[in-house]
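Q: Position 105 (the sequence shown) corresponds to 104 in numbering that gives the first Met the number 0; numbering is contiguous. In this text, a Cβ means the ideal position worked out from N, Cα and C, and glycines have one as well.
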Amino acid sequence: MYQCVDENFGEPKIFGRYLGEIDGVSTALNQDEIKFLHDKDIKILVIYNHITEDATGFDNGVNHAEQAIELSKELEVPEGVAIFGDIEPDFSIDSEFIEGWYDTVNDSPYEPALYGVFDEESNILAAFEETDEEIQKNTIVWTAYPQKEPTSEENAPEYEPQGPEHAKVFGWQYAIDAESCNIDTNLFTEEMLDYVW
């Protein structure tokens with residue numbers, strides 16, 4: 000995968016990787032891969048993708064956050080790294096879930112973060128904007144909106160993501176499913192480097 004990305008897109012700065020195995024969906028980040036990426040000076044963006052289609056309710060948010068924290072500790076993810084809860088567009092989500100996720104991750108060694116398609120019609124944007132000001136201002140957001148075509152590093156678009164007005168929108172997944180490698184292409188602000196591993 001690294002070789003494919005390097006040859007077709009340019010040397011990657013950040014790889015987004017998943018916590019824990021999900022059969023048929025994603026392969027878990029492990030110590031060998033961590034060493035491989037770090038030896039190449041590639042930062043790891045930590046993704047928790049075990050949230051099902053039901054991202055509602057405070058206790059549900061707490062339970063998922065606790066699992067994400069435990070998986071991060073097992074991998075020895077250092078303090079201060081963001082854990083991105085992956086909220087797909089077809090998920091049901093409410094502000095209580097986000098509050099449970101935020102409160103629990105915020106009380107841990109890690110930083111609360113969310114990934115989603117934050118377009119104006121999205122469930123995640125509506126739920127996010129119903130949370131209190133502290134959550135909105137302190138959550139790190141990685142948005143997948145708007146969508147463009149995959150590009151190499153040198154042809155990447157200007158950084159123009161759309162996300163919650165008050166959040167720290169530090170990441171933009173601007174294209175998905177590149178043909179030459181099975182990757183999505185992203186741009187990140189310099190601030191994101193403080194929250195990756």
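For the alpha helix (DSSP H) containing Y1, name the first residue and the last one.
A: That run of the alpha helix (DSSP H) goes Y1 to N7.
Q: Give me whichever residues DSSP pairs with T184 in a beta bridge.
A: Its beta-bridge partners are A174.
Q: Would you identify the three-state DSSP class for V24, choosing helix, strand or coil?
A: Note: V24 maps to coil in three-state DSSP.
Q: Mind reading off the beta-carbon distance from T184 to Y194? Whole number of angstroms is fine, and I expect it under 8 Å.
A: At roughly 19 Å, the Cβ-Cβ gap does not stay under 8 Å, so T184 and Y194 are not in contact.
Q: Measuring alpha carbon to alpha carbon, tell me which of A125, D102, D131 and Y109 ends up nearest I86.
A: Considering only alpha carbons, the answer is A125.
Q: Taking the alpha helix (DSSP H) that I123 falls in, what are its first and last residues?
A: Counting along the chain, the alpha helix (DSSP H) containing I123 begins and ends at N122 to E128.
Q: Compute the beta-carbon to beta-carbon distance between A81 and V45, rounded to the nearest angstrom, for a pair I have assumed lies under 8 Å.
A: Right, the Cβ-Cβ distance comes to about 7 Å (below 8 Å), so this counts as a contact.
Q: Assuming F169 and I13 are in contact, meaning their beta carbons sit under 8 Å apart, how far apart are those beta carbons, in whole angstroms?
A: No, F169 and I13 are not in contact; Cβ-Cβ is about 11 Å, not under 8 Å.
Q: For I92, which option in L192, N154 and Y114 has the closest C-alpha, if you only look at C-alpha atoms?
A: Nearest of L192, N154 and Y114 to I92, Cα basis: Y114.
Q: Please classify H37: is it buried, with 16 or more other beta-carbons within 10 angstroms of its beta-carbon, or exposed?
A: The residue in question, H37, is exposed, as its Cβ has fewer than 16 Cβ neighbours within 10 Å.
Q: How many Å lie between F117 and F35 at the Cα?
A: Looking at the two C-alpha atoms, the distance is approximately 32 Å.
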